[in-house]
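Position in the sequence shown (from 1) plus 3 gives the number in our numbering.
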Amino acid sequence: MVHVSATPVLALRGVSKRFGAVQALTDVELEVHAGEVVALVGDNGAGKSTLVKTIAGVHPIDEGAIEWGGKPVSISRPHDAQALGIATVYQDLALCDNIDVVGNLFLGRELQKFGVLDEVEMERRAREL
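Here it is as structure tokens:
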């Protein structure tokens, strides 16, 4: 049995996002605790991709707050999310269909050892995920 901590690793509090006249997200509440596996399910157009992209820093939120480890954080660009340890692997297989799962996980931030890809360490870290 996995112990779930009281403080969520990631929390969204009243998050909203608008694109012009389109309200994509309205007052979203989400908590993800260490050791949890969370699925995001909904109809096409429900805002699943937009929600993931707000967490990943692709679309900064318009209202609400994002917390990481119980502390408010600002995620306004992908670099901000990556600095927290948030990585996003998108579903679009056409992007890097010639690279395996580990390669996609570390795409753009590959680990190196002596100037060469450290594939053993990337595999190890991928297994930890």
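The C-beta atom is built at its ideal place from N, Cα and C for all residues, glycine as well.
Values in this document were obtained by computation on a predicted structure and should not be read as measured data.
Is residue i helix, strand or coil when you go by DSSP?
i	result
Asp30	strand
Ala129	helix
Glu66	strand
Gly17	strand
Val119	strand
Which residues mark the beginning and the end of the alpha helix (DSSP H) in which residue i is found?
i	result
Leu54	51-58
Ala9	Looking at the DSSP string, Ala9 is not in any alpha helix (DSSP H), and its letter there is neither H nor E.
Leu43	From DSSP, Leu43 is part of no alpha helix (DSSP H); its letter is neither H nor E.
Asn107	104-108
I think residue i touches residue j, with their Cβ atoms under 8 Å apart; what is that distance to the nearest whole Å?
i	j	result
Gly17	Glu70	Not quite, the Cβ-Cβ distance comes to about 11 Å (not below 8 Å), so this is no contact.
Leu28	Leu54	6 Å
Leu114	Met125	5 Å
Val92	Ala129	About 11 Å; that fails the 8 Å criterion.
Ile89	Ile64	Actually they do not touch by this definition, with Cβ atoms about 14 Å apart.
Item to check | the segment 114-130 touching the segment 36-54, judged by at least three CB pairs closer than 8 Å | outcome: no
Next on the checklist: Is it the case that the segment 75-86 contacts the segment 19-35, given that we only count it when at least three CB pairs across the two stretches are under 8 Å?
Outcome noted: no
Item to check | Segments assigned alpha helix (DSSP H), at least 4 residues, entirely inside the segment 70-97 | outcome: 81-87
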